[in-house]
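**Q** In this note's numbering, the protein residues as written are 8 to 128.
Virtual Cβ for every residue (Gly too), placed ideally from N, Cα, C.
Sending over a structure as structure tokens; questions will come in a sec.
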Amino acid sequence: LKLLCSLLKLEYVKDSSFTRVNSICRRLSRVEDNRHFILTELTGVANVLAEGAVKDLQELSVRLTDQVDRMNAASIAVGGNRQARNNSQHLGLSSSTTASKLLRVLQALSALTAESQGDAK
Numbered sequence: 008l009k010l011l012c013s014l015l016k017l018e019y020v021k022d023s024s025f026t027r028v029n030s031i032c033r034r035l036s037r038v039e040d041n042r043h044f045i046l047t048e049l050t051g052v053a054n055v056l057a058e059g060a061v062k063d064l065q066e067l068s069v070r071l072t073d074q075v076d077r078m079n080a081a082s083i084a085v086g087g088n089r090q091a092r093n094n095s096q097h098l099g100l101s102s103s104t105t106a107s108k109l110l111r112v113l114q115a116l117s118a119l120t121a122e123s124q125g126d127a128k
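Pasting the structure below:
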């Protein structure tokens, strides 16, 4: 179960693989002893992915601050905003695979928690 959940934090996990792991976890979590362990493991995976997402956001913040500083310097040097606006197009923003994996793991946790609450009633 630990290895199964750890697959979700690998660098390149295809959607189909995530769906399979999620399906297996849901089936295995029908057994009460497994459910607690799976929820614990998925929480650990979510923590690792959240740390990565925070790092991505910190790096983005640094890049944005650098770009703003460059735009301000260019604006002052040129004496207007035209050059600064042209420089803003050079900042490329990439989507974070860490953030999307984190979202999928949190959705899986939410679904498993909802199922366990439904079983308790």
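Which residue's Cα is closest to the Cα of E29: S123, V38, V75 and L11?
**A** Reading off the sequence, residue 29 comes out as Asn, not Glu. N29 has its Cα closest to that of L11, out of S123, V38, V75 and L11.
**Q** Would you kindly report the start and end of the unbroken alpha helix (DSSP H) that includes S141?
**A** What the structure shows of the chain is the stretch from 8 to 128, and residue 141 is not part of that stretch, so it cannot be assessed.
**Q** Are the segment 108-123 and the segment 21-39 touching by the rule of at least three beta carbon pairs closer than 8 Å?
**A** Judged by Cβ distances under 8 Å, the segment 108-123 makes contact with the segment 21-39, as three or more pairs qualify.
**Q** Could you round the C-beta distance between L56 and V112 to whole angstroms and report it? I think they count as a contact, below 8 Å.
**A** Going by Cβ atoms, the distance from L56 to V112 rounds to 6 Å, so yes, they are a contact pair.
**Q** Mapping DSSP to helix, strand and coil, what is L15?
**A** Three-state result, L15: helix.
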